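Colleague: This is the structure, below, for whatever I ask next.
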Amino acid sequence: MRRLARESPGRSDGSLLDLSELDLCKALGAVEANGTVNAVRRVGVLLFGKEDALRRLQPTHELAWANPGDGPVAIVVRFRAPAPPSVDVGRWI
Numbered sequence: 008m009r010r011l012a013r014e015s016p017g018r019s020d021g022s023l024l025d026l027s028e029l030d031l032c033k034a035l036g037a038v039e040a041n042g043t044v045n046a047v048r049r050v051g052v053l054l055f056g057k058e059d060a061l062r063r064l065q066p067t068h069e070l071a072w073a074n075p076g077d078g079p080v081a082i083v084v085r086f087r088a089p090a091p092p093s094v095d096v097g098r099w100i
């Protein structure tokens, strides 16, 4: 998440770069915490979960990259992965 914030100046909240891991997760709404993590929220699993956790906890989760191009929108690739690594895929298709 920090790398995405660094690489997207003007399109992201730069204050995220200075937060601790816990504070970053709280700011993104990924966890419920008051000093320690009490619960991981659905968005936390979607952003930071491993693929096996996504399959177990969010079995219908799927990311689809679409190519808007000049004609009809075509789905280029579908996969199950946490969101941040998936963002990189968009650079290569």
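The working numbering applies: residue 8 is where the sequence shown begins, and numbers increase by one.
For glycine and all other residues, C-beta sits at the position ideal for the given N, C-alpha and C.
Computed from a predicted structure; not experimentally measured.
#1: Use the C-beta contact count for valine 38: other C-beta atoms within 10 angstroms, 16 or more gives buried, fewer gives exposed.
#2: Can you list, in chain order, the residues of its chain whose CB lies under 8 Å from that of methionine 8, leaving out five sequence neighbours each side?
#3: How long is the line joining the alpha carbons of arginine 48 and aspartate 77, rounded to whole angstroms?
#4: With a threshold of 16 other CB atoms inside 10 Å of the CB of glycine 42, please say whether the residue is buried or exposed.
#5: So, at 7 Å on beta carbons, what are the nonlocal neighbours of valine 52 in its own chain, with the 5 sequence-adjacent residues on each side left out?
#6: Would glutamate 58 pass as a contact of alanine 12 if the rule is Cβ separation under 8 Å?
#7: Which residue comes first and which comes last in the beta strand (DSSP E) that contains glutamate 39?
#8: Buried or exposed, going by whether 16 or more other CB atoms sit within 10 Å of the CB of glycine 56?
Modeller: With the given structure in hand:
#1: buried
#2: Leu23, Leu31, Leu35, Leu54, Pro91
#3: 38 Å
#4: exposed
#5: Ala60, Leu61, Leu64, Gln65
#6: no
#7: 38 to 40
#8: So glycine 56 ends up on the buried side.
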